[in-house]
Every structure is written in C-alpha cells, then in structure tokens.
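Residue numbers (our numbering), protein chains in the order written: chain A, 1 to 228; chain B, 1001 to 1166.
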C-alpha cells in the first residue's frame, strides 16, 4: 500500500513541489542566516618589500642627467654660475659622494664612477680623463676593484650591508681639475694653435648597483658576476 | 595517444611553461645613476696699452677676455737710455729681469700703471733719438689645492710688445 502511495503521480507532484520549495526558501533562509554567524574582525597586514638605492651628493640625493655637480649642491656654494664661470682650475673642491638605502630591505652596493670630456659634438676621447682628478676614499669600507677599473672608470664595492634609511661612508670626497689643462695647446685645423680644453665640459657619471643581502653571494653572482 | 605517453607530454608542457616563470625567481636589485658636468675656460685674452708724455711711458696690461679667466702679468723694459721703472702693485726687477704685477687680473680689469721714466744724459735735447720697448706676458691664474692662486711662468699663453720713442 505504501508502494502504491508513493508511485501515485499526485504524490510525486506534491513531493517535487515541496523539494523545489525547500531549495528556494531554504537558500533564502541560509542567506538570511549568514549575518548572524559572522565572526569577530580579524586584520592582517601585508608588507611589500622593495629594494631601492640612491646616490647622495653633498647630503642631497642626485639622480638623472645633469643632476650631479648641479647648482644647489655644488655650483652655488662654490661661486660657480650655470655656465661654469668661476670654476677654479687646480682648486680641490669638496665633492662628497655616498650611497643611501631608500628601500625597505638591507642591501649590498657597488658604484661605478666615470669621468670624461665632452663637447656638443659628443665625447672627446682625445682628451685625457686623468686630468679630472677624483679623490676616492677607501679607508671607510669601500674597496676599489682595480681589475674592473680603467682610466675612465673606477669601480668600488662596499663591504658591509646597508640597512634601510642608512648611508654608506663616503666613497669620494674631492674633485680637482689638473692645471695641466691650462697649458695643453694643440694645432688646429687652420694651422694655428689653440687650447685643447677651452670650452670643453668635464663630465662625471656615478652609477649605484644594489642587491639583496638574502642569499647575498648568489644574488651578487647573478647581478654583478662576482661576490663582494 | 597512448595512455603511457600522457605523463611524458604533461612533463614536457610543464617544462616549457615554467621557463617563463624564471624571472619571478630573480633576486632583488636596483640601479640609480646621476650625471653632471661643468664647462671650463682656459684661454686668456690680454692686451697692452701705453701712453707717453713728459719723457715717461705709462703702461697697463688689460685682461680683455670674457670667459672669466683671470691672469697674471709681467713686463720687461728695454731702453736706449737709463730708465726709472715703478708702479703700485708691481715688483721687480727679479733676477730674470721681469717686473711682476702681484695680483691676478680679472676679466675686464687691468694692472696698475707701470711707469717707465727716461733719464736723459746731461746735455740731451728734446729731439735726440731714444727708444723704449716694453714687452709683456700673461698666464692664466692657476690654483693650489687649498685655493691659493699662483702663476706658472713656464707656460706663456699670451704676450705682446709696446714700443715707443723719438
């Protein structure tokens, strides 16, 4: 008799309707019930680490083209105008360069300092970079990589990691243009003699490379091809 | 495809795909760079000017450059008669025979006057011939490392002559 009852089309139809009703209204109930089982607030912070390094010139950050030896940090304090008038040949200027960790993780750094002569027509490889005398400092943790250095480029490594917000010691502190530029005379194309360095710009470029201190040796090998 | 080849194919696909993941494993690095330069001027431009009157020659050396190169100047006198040479700021003659102006001469400025006074022999008359030659040389000011200026007279970069007489 039970079997006959359940096999009745009417009963099956009622059962289907009940099932659909349960699904629909049961779902709504669940949604309505959700706010009542919300737990207490939990907060989580995600700190993104980044590595960022900066060149420091006379206590200010220098970055980009024509920012080194600029007006505010170098020229004005030394009485040199925008065109270079007032620059004293032979005088030893203070030019203090170091590196600052402006990121959020410790870093190892190296710097490459280039010096050369240039006119509007481009780099003057016929003029001597040795006459641009830079005073490198190697008694405060910096070491010159002689093998990687040339007459135009000097590469230095800083032995210890720099913590975020900290500066290295100075890797350079003076700049002098050798008086020999005053006496360098060459024959010009018209047969007369002229001054080889007259109206020529001396240029300095400093590049800082930083790597993470975690797995430092592997990181240095990957980025620099050598360890510190 | 045979069922036994499926794992092999999956391994190959994973290898190819994972090649592009490599940069995500790279180390943290950063680079910062700054460049700068200053134009230098070394060429001096000087000239000598003289006036004559009352048996005295008045000479100044002028720095007529416009490139901010200061110079040192020196002068030497050759005369057919005895002369008395003097001038404020001038010293000499040194053992080399030159009179030196002690201070650097900036662009647009001149040395103090160097006066060359002729002493005629007794009995000389106004029309007697005489000749006085003043030559000068200049060299750009150079600086010691402490900023003290100096002249390097081994390098003469500008010179000239002023002649006069009856």
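Think of the CB as a built atom: it goes at the ideal place given N, C-alpha and C, for glycine as much as any other residue.
- Message: Here's the rule I'm using: 16 or more other beta-carbon atoms within 10 Å means buried, otherwise exposed. How should residue 226 (chain A) be labelled?
- Response: Classified as exposed, residue 226 (chain A) has fewer than 16 neighbouring CB atoms from the shown chains inside 10 Å of its CB.
- Query: When you compare only the Cα positions, how much space is there between residue 116 (chain A) and residue 202 (chain A)?
  - Reply: When the Cα atoms are used, residue 116 (chain A) and residue 202 (chain A) turn out to be separated by approximately 6 Å.
- Item | Segment limits, alpha helix (DSSP H) that includes residue 1061 (chain B) | Taken as a continuous stretch (DSSP letters only), residue 1061 (chain B) belongs to no alpha helix (DSSP H), being part of the beta strand (DSSP E) at 1056-1063.
- Message: Taking 7 Å as the limit between beta carbons, can you name the residues of its chain near residue 68 (chain A), skipping five residues before and five after?
- Response: Contacts found: 57, 62, 204 and 206.
- Task: Using three-state DSSP, classify residue 150 (chain A) as helix, strand or coil.
- Result: The three-state secondary structure of residue 150 (chain A), taken from DSSP, is coil.
- Closest Cβ-Cβ distance between residue 227 (chain A) and chain B: below 8 Å? Answer no: the Cβ-Cβ gap between residue 227 (chain A) and chain B never drops below 8 Å.
- Identify the contact partners of residue 72 (chain A) in chain B, using a Cβ-Cβ distance below 9 Å as the criterion. Those within 9 Å of residue 72 (chain A) in chain B number zero; the least Cβ separation is about 12 Å.
- Item | Closer than 7 Å: residue 171 (chain A) CB and nearest the ligand GTP heavy atom | As far as ligands go, the structure on display features none, and thus does not contain the ligand GTP.
- Query: Closest by CA to residue 142 (chain A), which one among A:92, A:177 and A:158?
  - Reply: Answer by Cα proximity: A:158.
- Query: Which one of A:41, A:131 and A:200 has the shortest CA to CA distance from residue 92 (chain A)?
  - Reply: The shortest Cα separation from residue 92 (chain A) among A:41, A:131 and A:200 belongs to A:131.
- Message: Under 9 Å, CB to CB, which of the residues in the segment 164-176 of chain A have a partner in chain B?
- Response: Answer set for the segment 164-176 of chain A: 174 and 176.
- Message: Assuming residue 1112 (chain B) and residue 1089 (chain B) are in contact, meaning their beta carbons sit under 8 Å apart, how far apart are those beta carbons, in whole angstroms?
- Response: Yes, residue 1112 (chain B) and residue 1089 (chain B) are in contact; Cβ-Cβ is about 4 Å, under 8 Å.
- Endpoints, alpha helix (DSSP H) assigned at residue 71 (chain A): Taken as a continuous stretch (DSSP letters only), residue 71 (chain A) belongs to no alpha helix (DSSP H), as it is neither H nor E.
- Query: By the 10 Å Cβ neighbour count, where 16 or more other Cβ atoms means buried, how is residue 100 (chain A) classified, buried or exposed?
  - Reply: Answer is buried; the Cβ neighbour count reaches 16.
- Message: In this structure, how does DSSP classify residue 160 (chain A) when only helix, strand and coil are distinguished?
- Response: Three-state DSSP puts residue 160 (chain A) in coil, outside helix and strand.
- In terms of residues, what are the limits of the beta strand (DSSP E) holding residue 167 (chain A)? Element bounds for residue 167 (chain A): n/a, residue is neither H nor E.
- Message: So with CB distances below 9 Å, who are the chain B contacts of residue 222 (chain A)?
- Response: At a C-beta separation below 9 Å, residue 222 (chain A) has these neighbours in chain B: 1026, 1027 and 1029.
- Message: With a threshold of 8 Å between beta-carbons, can residue 1042 (chain B) be considered close to chain A, or not?
- Response: Judged by the 8 Å Cβ criterion, residue 1042 (chain B) is in contact with chain A.
- Would you check if the distance between the CB atom of residue 1078 (chain B) and the CB atom of residue 1101 (chain B) is smaller than 8 Å? At the C-beta level, residue 1078 (chain B) and residue 1101 (chain B) stay beyond 8 Å of one another.
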